[in-house]
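With the sequence shown counted from 1, adding 697 to any position gets you the working numbering.
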Amino acid sequence: MATRAKGGRAAPARPAGTFDPETPGSAAALLTREQKLELYYWMRLTRTLEERLVALYRQTKVVGGLFRSLGQEADAVGSCYALEQRDVMSPLIRNLGAMLVKGATPVEVLKQYMAKGDSPTRGRELNIHFGDIGEAGETRGFLGQISPLGDMVPVMAGVTLSFRMRGEDRVGLVYVGDGATSTGAFHEGINFAAVQRCPLVVVIENNGYAYSTPTSRQTLAKRFVDKAAGYGIPGEQADGNDVLATYDVTKRAVARARRGGGVSLIELMTYRRKGHAEHDNQSYVPAGEIERWAAENDPLDRYVRRLTTEMAVEATELAAIDARVTQEVDEATDVAEASAFPEALDALTGVYAEPPAASPLWFREGGRGGVTASERATDGWGVYKPDAKTESRVSQEDA
Ligand SMILES: Cc1ncc(C[n+]2csc(CCOP(=O)(O)OP(=O)(O)O)c2C)c(N)n1
Ligand SMILES: [Mg+2]
């Protein structure tokens, strides 16, 4: 997307250090040394935290599935690093790195995966399905994801439309996988957002697979980013395993959105080195493919090489960051392990409105509705009293 002057000739080169949404490299060029090391920290934290989760999974302390982003850390971290706190990000299961950058903590993530009673969803929903959204500046700005693929695109179209209508200086970013692009929701959401000029960045993480379906069986398009033309929006493809490239392309799309330029589509080229989840043995992957990506295109290895050669960062400096990350993950694990599981009687706490928002259906009037049948007999539901006598669960009224 090089800047073109009238007549099709390339525009004169801008002075180094001038940011321009249409000039590739102009955002990454402005990163300070400190910020570059911060990007390394977030990628290392993502990987170390996931490795810890694998250990806990093998010990059966992680309840439910475990979804890795091994080899995709640069795409999640670099792209999310382009957002401000007031902006809103919609992650997927493989966006642990983006969640951490946006403020989710290792303790929260570990408690979620271990279904602890004081985890963000109190043990009701596992892995990284939790959110923190609200007024600008008051929350960390990430949505609780839902599983149906592509559905977060129309949701984020709505979120960012509200920013535009209220005149708020906020941008949204939604991640979708290569598989999610085949859904109606993706198409409807991105088209609506484009027409409404919503300040939205749509990031397609092309990691080669959707479950066992390779990209070649997902679309006949040569590049997902070519679909941008169909929506009349700018699109740019970038190396998803180069953290500076993912930051750069996203930062420019975010700036475009903030300036009223509407929706941009970004395709980040990466590779899913682990199975869909920890249980998946990847038997459908051609021999040698995973090993080749690991050896030749690991985002952390690549970034370490760049930091130590081009940016004169000492190996000892990186080792110190690694040690800090290990210590943080160790401490977070201790806290999460010490935390209690939810009380069984709290299963309904905060799930339904109290009092109910709608009156019972006619055939339930005067009797116990399907909802109230499962409520606690003590002081209505949502109120767990550890000292309450559980044997008196059937109240006088019901008896
Ligand atoms: C509409 C819909 N269809 C199927 C599924 C089941 N499903 C969950 S994840 C997944 C694969 C997702 O692949 P992709 O979008 O490429 O993301 P990745 O897992 O590679 O990050 C599928 C088919 C779903 N959640 N929603
Ligand atoms: Mg995929």
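For glycine and all other residues, C-beta sits at the position ideal for the given N, C-alpha and C.
Just so it is clear, the structure is predicted and the values come from calculations on it, not from any experiment.
Please check the pair residue i and residue j, which I expect to be a contact at CB under 8 Å, by giving their CB distance rounded to whole angstroms.
i	j	result
F889	P851	7 Å
A891	G929	6 Å
M796	I830	13 Å between Cβ atoms; not a contact.
Y968	G768	5 Å
T1030	L807	6 Å
L780	L870	6 Å
L823	G905	25 Å between Cβ atoms; not a contact.
R970	W990	6 Å
G714	A726	6 Å
Q915	A907	6 Å
M811	A1035	At roughly 11 Å, the Cβ-Cβ gap does not stay under 8 Å, so M811 and A1035 are not in contact.
S766	E747	7 Å
Measuring only from the beta carbon, is residue i closer than 8 Å to any heavy atom that is part of ligand 1?
i	result
L846	yes
H973	yes
G834	no
L753	no
T880	yes
G794	no
R969	yes
L789	yes
By DSSP, does residue i sit in helix, in strand, or in coil?
i	result
G775	helix
Q1024	helix
D945	helix
R1065	With a pLDDT of 49 at R1065, under the threshold of 50, the modelled position of this residue cannot be trusted; read the value that follows with caution. Reduced to three states, the DSSP call for R1065 is coil.
T916	coil
A724	coil
G927	helix
A1033	helix
T729	coil
E933	strand
T1046	coil
A907	strand
K703	Here K703 scores only 35 on pLDDT, less than 50, and its place in the model is too uncertain to base an answer on.
V1010	coil
A1054	coil
A1074	Any answer about A1074 is weak, because its pLDDT of 44 lies below 50 and its placement is not dependable; what the coordinates show is given next. A1074: coil per DSSP, three-state reduction.
Q743	Reading the sequence as shown, one finds Thr at residue 743 and not Gln. T743: helix per DSSP, three-state reduction.
F921	helix
E748	helix
I1018	helix
L736	helix
V760	coil
L846	coil
T715	coil
So, are the CB atoms of residue i and residue j less than 9 Å apart?
i	j	result
F827	I790	no
Q934	L897	no
M678	L858	Residue 678 lies beyond the stretch modelled for the chain, which goes from 698 to 1096, so this question has no answer here.
S776	V900	yes
A877	L846	yes
L997	K733	no
G834	V785	no
V751	E975	yes
I887	L962	yes
A950	Y872	no
G814	M740	no
T745	V1010	no
S879	Y981	no
D939	A771	yes
C895	F921	no
P718	R953	yes
G881	N903	no
P803	Q842	no
A854	Q893	yes
P1039	G820	yes
Y737	L1045	no
D866	R730	no
Tell me whether residue i counts as near ligand 2, meaning its Cβ is closer than 8 Å to at least one heavy atom of that ligand.
i	result
A907	yes
E902	yes
R953	no
G869	no
D875	yes
Pick out the complete alpha helix (DSSP H) segments inside the stretch 849-905, 4 residues or longer, and give them in chain order. If we require 4 residues or more, the alpha helix (DSSP H) runs fully inside the stretch 849-905 come out as 849-863 and 881-892.
Practice task
Taking only runs that begin and end inside the stretch 950-1003, name each unbroken beta strand (DSSP E) of 3 or more residues, in chain order.
Solution key: For the stretch 950-1003, the continuous beta strand (DSSP E) assignments of 3+ residues that do not extend past its boundaries occur at 961-966, in sequence order.
Complete beta strand (DSSP E) runs within the stretch 764-839 (minimum length 3 residues, chain order) = Correct list: 785-787.
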